[in-house]
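A.B. asks:
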């Protein structure tokens, strides 16, 4: 039996390197006001996605006004001069569409997915948002309440919900990545209506936006419609603020305890990463899959199945434009000392650093990456997002067609090397999440 | 030529538009509705009866194979739950691969493989097609069904069942199914501890041998593969599969209630009521009213713009969400409108549900509502087509429900053709507003009387069985219950003779061994309790010298007077002997069902308002349950005589704080031994 498995593994090696990607065709142009437009035609289904990526995230915020970028994501559904308050979603839904948005440390992303005969509507709606969104006190007050509820539901009321803000706070001393997109409620409460209006003028301008349309479209007609709705939107009057701040390399480990509404302790480790478009990003992403991706990954097998010290372990590279963090967390099994779990995690990290990974595991990683990249382009919504990010973050829309090549170049040795280079125990952040009941009374 | 002219026209139009002033005051009109092209599935049938659908889609180099078995629903009876184990048992290892090898080989090619009682499916990149088919065939034809795997799954299932007993949603769903279909119907029966224990490896094997047959199977193949290749691989892997005779079953059609009625599960700890207003409906995909019932439901409670949502959430604020459904099913469908609401508005919410349903049937829908519902459903139909699997599902449904060949190709035309009158007629045909059962899971003491306005209220237990009609004897009092208890365990004199006790118990929670130790010293008003893991004290409570303290992982905290009063209520081995002396009030709150046993419910309250509840079995007089809002419920069992007094040797603690019920067994029990300061601390 063993022989058959070995043979199939050998066959597995023969199929390396990775197959070429299915090419994603696209057309792009830039309006005089600086709006960059990307179009991707896929007529297989009569639907079309329209998205706008604003290159503004929490890192562009004033340190005294954190949470603004995310707050705007809410505010931008309040309506515009021509769209009544609260009607934005209703209009899209009653034409058979769905919509959503998200905010990260780097970007804010809006999209609508509609039947393809509603492209005109989608472009109109997005142009209204960019031209003259409603930024008034009523909207600000309504959305403050909604954001408060969101904060409660996703951070305060959610076990381990504060991992990201607590980690970022310690992983960065100078870079604005030190606060999470949710920001500070105090800052939002203190802000004046003029400040909100200024933020809109500074960042919601065509020269800071990328409009992506993908699906059942006609290139010429779409371009004409885009020009019709977006040409009149004035360009921003000053350069968009982008922080040029280099986070200094940490020379000592940062270690802390967070007391949370939880029953079971968790151990968090975070290692600073290089910029998102750095060549090592690919090897780091494969490293995280090697450590915790799937039932048969190193840490899942060792710590969850065999030793049963952890209920769950996960390694997530939070890739950010100026360099994110490699975030690892383990939730301890009942009665396991977090220290004990951390020791075992460290042993496995050291094992990768000292011994690297086997040929078999390396082949498995390439197979998993290939499957993920192919699947990432299975919907027009996914393609639109990948195109917009390729342009904004990697400076090259055609990057969507080069991801697989980038992964193909990663070697087994690269994975060991990035484990050594970036998983540096002296510069990391370690947090213990402990139940509130364990908090010393004197604190 | 024509094409060229068209091109110029388009350019002219396009240019014209660019220079036109944009009228932003009006929403752009919809363009002409696009033609929805639904891909065709190619079909073929093997000699063994396996029907195959191939949906070629070369957009991505992926492929998936989904095998579905079409059999009649099974009444599992005393083996209820058997079918839930089949899928995991299929994945438990084969003649050629252990479970670990199987997991590794699936991960290795970045593929996925899953199984259930009526399906086996795989998906992967095209280039791994041969390998996933080999794995799929191995799982399908060579499962070994290891006994340890079944033991593990049964254990997990029992844990899951235990948690569903505390889950109001799960109780509600069991209740609705039981009252609509009855316990002798596949959709009405429920898995219990006993039916789970009854399941054997032979049952699993017999199920597999009976139902995993090609003549009742459909294989849907979707992705980068054409019919010719599909025929080749299907013959290679599934050609030798042998036919078999598969039993068929019929069941009588459930009848609706003669008139509106209420089914209640009394759950005294509930702060919310789960309401389900429901009736069965004969409805399957392809029926004349099927598509119009989608529109009808969308208007009643299909989303966040529906009547139910707007009324119960947006207008009244009773709930986070209220929804309805009209489920289609080959055997019998269900109409259901449901929400979880605050206890105090339970009757008001039921009133609104009843009103909305009746109003829908009596007054009908508006054109505006219908237009919006059409747009929403057409939009979601269109979006679903992006997934190639949707076309395979259409082909499957067309075969399973014997639909006209163009049923899905013309689905949108049919959807758009419905008029307000059509929808109103459908509502009248499908819904009988005065024949709904209103199932409610909530705090009976607070809601039962108020629900009587909606019809006869019949009580059920948490498993959906009719609750035993329990009425305490008219002359029974709380004092008598306590006296009976003291007599049952050995009499007041024997009890009074016990001055001190040291009890140690062992328990196991998800693989971790716990020790719980109690020390009672009633004469000196001292009490100590410790919870340890592997010899380390994790948590302890101490009462001594009129003071109390609690500590968790070494961090100690003084009790407040209120906490102290509550702790003192618990600090006696036989608190029943001292309730009166300590000035506590005791109240009898009727006869209740505790895990199938009738028991007197006695509420004990201190002067400061701290309360706890004990249950004493009607037959034996013994205390079988202790309820405390802070620490959860404790069940006592296995009473054994020590020093002439009966004491429980088994404690089961259920609490929202712990994921699974904690079962503790007494390992040592010493009575009237000296208690030192060190024992208490």
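Chains as they are written, first to last, in this note's numbering: chain A, 576 to 1018; chain B, 73 to 753.
We put the beta carbon where it would ideally sit given N, CA and C, even for glycine.
Note down, in chain order, every chain B residue with its Cβ under 7 Å from the Cβ of residue 669 (chain A).
C.D. replies: Correct list: 444 and 447.
A.B. asks: For residue 501 (chain B), which residues in the same chain have their Cβ closer than 7 Å to its Cβ, ignoring the five residues on either side in sequence?
C.D. replies: Correct list, in chain order: 361.
A.B. asks: Tell me, to the nearest whole angstrom, how far the beta carbon of residue 736 (chain B) is from that of residue 578 (chain B); I am working on the premise that it is less than 8 Å.
C.D. replies: Right, their Cβ atoms sit about 7 Å apart.
A.B. asks: With H, G and I counted as helix, E and B as strand and the rest as coil, what does DSSP make of residue 82 (chain B)?
C.D. replies: Bear in mind that a pLDDT of 39 at residue 82 (chain B), under 50, signals an unreliable position, so the number given afterwards is only what the model happens to contain. Reduced to three states, the DSSP call for residue 82 (chain B) is helix.
A.B. asks: Does DSSP classify residue 102 (chain B) as helix, strand or coil?
C.D. replies: Residue state, collapsed to three classes: coil.
A.B. asks: Distance cutoff 9 Å, beta carbons only. Does residue 939 (chain A) sit that close to anything in chain B?
C.D. replies: For residue 939 (chain A), the answer is yes, since a Cβ of chain B falls inside 9 Å of its Cβ.
A.B. asks: With DSSP as the reference, label residue 1003 (chain A) as helix, strand or coil.
C.D. replies: Of the three classes helix, strand and coil, the one that applies to residue 1003 (chain A) here is coil, per DSSP.
A.B. asks: Have a look at residue 247 (chain B) and residue 341 (chain B) and give me their C-alpha separation to the nearest angstrom.
C.D. replies: Residue 247 (chain B) and residue 341 (chain B): Cα-Cα distance of roughly 18 Å.
A.B. asks: Mind listing the chain B neighbours of residue 605 (chain A)? Cutoff is C-beta to C-beta under 7 Å, in chain order.
C.D. replies: Neighbours of residue 605 (chain A) on chain B: none; closest Cβ ~16 Å, over 7 Å.
A.B. asks: Does residue 200 (chain B) have its Cβ less than 9 Å from a Cβ in chain A?
C.D. replies: Yes, residue 200 (chain B) lies at the interface with chain A (some Cβ there is under 9 Å from its Cβ).
A.B. asks: Note down the Cα distance separating residue 891 (chain A) from residue 381 (chain B), rounded to an integer number of angstroms.
C.D. replies: Taking the straight line joining both Cα atoms gives about 38 Å.
A.B. asks: Where residue 412 (chain B) and residue 514 (chain B) are concerned, what is the direct C-alpha to C-alpha distance, given to the nearest angstrom?
C.D. replies: C-alpha separation (whole angstroms): 10 Å.
A.B. asks: Does DSSP put residue 691 (chain A) in a helix, a strand or coil?
C.D. replies: Helix at residue 691 (chain A).
A.B. asks: In the DSSP assignment, find the unbroken beta strand (DSSP E) run with residue 614 (chain A) in it and report its ends.
C.D. replies: Unbroken beta strand (DSSP E) run through residue 614 (chain A): 611-616.
A.B. asks: Using a Cβ cut-off of 9 Å, pull out every chain A residue sitting near residue 584 (chain B), in sequence order please.
C.D. replies: Correct list: 908, 909, 910 and 911.
A.B. asks: Among B:403, B:112, B:252 and B:184, which one has its Cα closest to the Cα of residue 323 (chain B)?
C.D. replies: Taking only the C-alpha atoms, the option nearest residue 323 (chain B) is B:403.
A.B. asks: Could you please give the first and the last residue of the uninterrupted alpha helix (DSSP H) stretch that includes residue 451 (chain B)?
C.D. replies: Note, residue 451 (chain B): alpha helix (DSSP H), 439-456.
A.B. asks: From the DSSP output, in three-state form, read off residue 598 (chain B) for me.
C.D. replies: Residue 598 (chain B) falls in the strand class under three-state DSSP.
A.B. asks: Give a yes or no on whether the C-beta atoms belonging to residue 769 (chain A) and residue 640 (chain A) are separated by under 9 Å.
C.D. replies: Cβ distance not < 9 Å, so residue 769 (chain A) and residue 640 (chain A) don't count as in contact.
A.B. asks: Check the C-beta distance from residue 168 (chain B) over to residue 295 (chain B) and give it rounded, since I have them as a contact under 8 Å.
C.D. replies: Contact flag wrong, Cβ pair sits at about 26 Å.
A.B. asks: Cβ of residue 829 (chain A) within 9 Å of Cβ of residue 1003 (chain A)?
C.D. replies: Against a cut-off of 9 Å, the Cβ pair of residue 1003 (chain A) and residue 829 (chain A) comes out as a contact.
A.B. asks: Is there a Cβ from chain B that is less than 9 Å from the Cβ of residue 622 (chain A)?
C.D. replies: Yes, because at least one Cβ of chain B sits closer than 9 Å to the Cβ of residue 622 (chain A).
A.B. asks: At the level of alpha carbons, what is the spacing between residue 584 (chain B) and residue 607 (chain B)?
C.D. replies: If you take the alpha carbons of residue 584 (chain B) and residue 607 (chain B), they lie about 12 Å apart.
A.B. asks: Counting only Cβ pairs nearer than 7 Å, list the residues of chain B close to residue 695 (chain A).
C.D. replies: In chain order: 100 and 103.
A.B. asks: From the beta carbon of residue 823 (chain A), is the nearest beta carbon of chain B less than 9 Å away?
C.D. replies: Chain B contact via Cβ: absent.
A.B. asks: How many angstroms separate the CA atom of residue 518 (chain B) from the CA atom of residue 720 (chain A)?
C.D. replies: Distance between the alpha carbons of residue 518 (chain B) and residue 720 (chain A) is about 32 Å.
A.B. asks: List, in order along the chain, the chain B residues whose C-beta lies closer than 7 Å to that of residue 804 (chain A)?
C.D. replies: Those within 7 Å of residue 804 (chain A) in chain B are 94.
A.B. asks: Can a CB atom of chain A be found closer than 9 Å to the CB of residue 175 (chain B)?
C.D. replies: Output row for residue 175 (chain B): interface = yes.
A.B. asks: So residue 763 (chain A) and residue 722 (chain A) are supposed to be a Cβ contact under 8 Å. How far apart are they, rounded?
C.D. replies: Between residue 722 (chain A) and residue 763 (chain A) the Cβ distance is about 7 Å, and since that is below 8 Å, they are a contact.
A.B. asks: Per the DSSP calculation, residue 734 (chain A) is bridged to which residue(s)?
C.D. replies: DSSP, once it has assigned bridges, lists no residue as partnering residue 734 (chain A).
A.B. asks: Looking at C-beta atoms only, is the number of pairs between the stretch 156-171 of chain B and the stretch 183-199 of chain B that lie closer than 8 Å three or more?
C.D. replies: Judged by Cβ distances under 8 Å, the stretch 156-171 of chain B makes contact with the stretch 183-199 of chain B, as three or more pairs qualify.
A.B. asks: Using the C-alpha atoms, what's the distance from residue 599 (chain A) back to residue 975 (chain A)?
C.D. replies: Cα to Cα, residue 975 (chain A) sits roughly 7 Å from residue 599 (chain A).
A.B. asks: Following the continuous alpha helix (DSSP H) through residue 484 (chain B), name the residue where it begins and the one where it ends.
C.D. replies: 483-489 is the extent of the alpha helix (DSSP H) around residue 484 (chain B).
A.B. asks: Report all residues from its chain with a CB closer than 6 Å to the CB of residue 89 (chain B); omit the five preceding and five following residues, and keep chain order.
C.D. replies: Legend: pLDDT at residue 89 (chain B) = 39, less than 50; position of this residue unreliable, value from coordinates given subsequently. Cβ within range, chain order: n/a, list empty.
A.B. asks: With DSSP as the reference, label residue 583 (chain A) as helix, strand or coil.
C.D. replies: For residue 583 (chain A), the predicted structure reports a pLDDT of 31, less than 50, and the residue's modelled location is therefore unreliable. A value from the coordinates is still provided. Looking at residue 583 (chain A) - three-state DSSP - the assignment turns out to be helix.
A.B. asks: In this structure, how does DSSP classify residue 496 (chain B) when only helix, strand and coil are distinguished?
C.D. replies: Looking at residue 496 (chain B) - three-state DSSP - the assignment turns out to be helix.
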